[in-house]
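Residue numbers (the numbering used here): 1 to 136. All remarks here apply to the structure that follows.
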Amino acid sequence: MSGCVFCEIIKGERPAHLVLDAEDAMAFLDTRPLFKGHTLLVPREHHETLTDLPADLVGGLFGHAQRLAASMESVLGAAGSFVAMNNRISQSVPHLHVHVVPRNRKDGLRGFFWPRQKYDSDAEAAEYAARLRAGT
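Next up, the structure:
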């Protein structure tokens with residue numbers, strides 16, 4: 001879809017720190033992460049919301065989400081993960097995306113008040129992406 005930031009990333013027209021590059025989906029680091037390692041998982045085909053995603057693609061997409069959630073623990077040492085998506089409301093990019101976020105006890109995330117973090121450098125973001133990519 002023309003003008004879609006995530007479609008541009010998928011096409012290689014916009015840079016991103018790739019975590020997963022599969023036939024049906026891609027995952028990359030969020031540029032404004034809740035916590036370092038916060039990953040966005042998107043279907044390669046442009047679908048705006050979960051209800052727009054064809055049923056035969058749902059299982060594959062959430063299989064990737066499951067593996068990313070496991071990587072948050074095994075690769076990053078997180079105690080768990082937060083997996084979520086918005087449909088239209090609070091959806092900053094109108095392309096279906098699943099947030100997979102590493103979590104730890106007392107990390108400051110409460111309800112829907114989400115403090116955003118920053119990577120110290122592009123190199124640090126690349127290192128997080130490489131670690132997660134190796135774990136999926």
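The C-beta atom is built at its ideal place from N, Cα and C for all residues, glycine as well.
C-alpha gap between residue i and residue j, whole angstroms
i      : j     : result
Thr49  : Ile89 : 10 Å
Glu142 : Arg14 : Not covered by the structure: residue 142. The range shown for the chain is 1 to 136.
Lys11  : Ala27 : 13 Å
Best match in the options for proximity to residue i [C-alpha to C-alpha]
i     : options                  : result
His17 : Glu23, Ser2, Cys4, Lys36 : Lys36
His95 : Gly80, Val58, Leu53      : Leu53
Cut-off 8 Å between Cβ atoms - residues of its own chain near residue i, not counting five sequence neighbours on either side
i     : result
Val93 : Cys4, Val5, Phe6
Glu23 : Arg44
Ser74 : Gly135
Contact with chain D by residue i, beta-carbon distance below 9 Å
i     : result
Ser81 : The displayed structure is made up of one protein chain only, and chain D is not part of it.
For residue j and residue i, believed in contact at Cβ under 8 Å, the rounded distance
i      : j      : result
Ala25  : Leu61  : 6 Å
Ala125 : Leu20  : Actually they do not touch by this definition, with Cβ atoms about 15 Å apart.
Val58  : Val83  : The Cβ separation is near 14 Å, so there is no contact.
Leu109 : Arg116 : Actually they are not in contact, since the Cβ atoms of Leu109 and Arg116 sit about 11 Å apart, beyond 8 Å.
Close-in-space but distant-in-sequence residues of the same chain around residue i (CB under 6 Å, 5 per side omitted)
i     : result
His97 : Leu40, Val42
Range of the contiguous beta strand (DSSP E) that encloses residue i
i      : result
Val100 : 98–103
Residue i CB to nearest heavy atom of the ligand SAH below 8 Å
i      : result
Arg103 : As for the ligand SAH, it is missing from this structure, which has no ligand bound.
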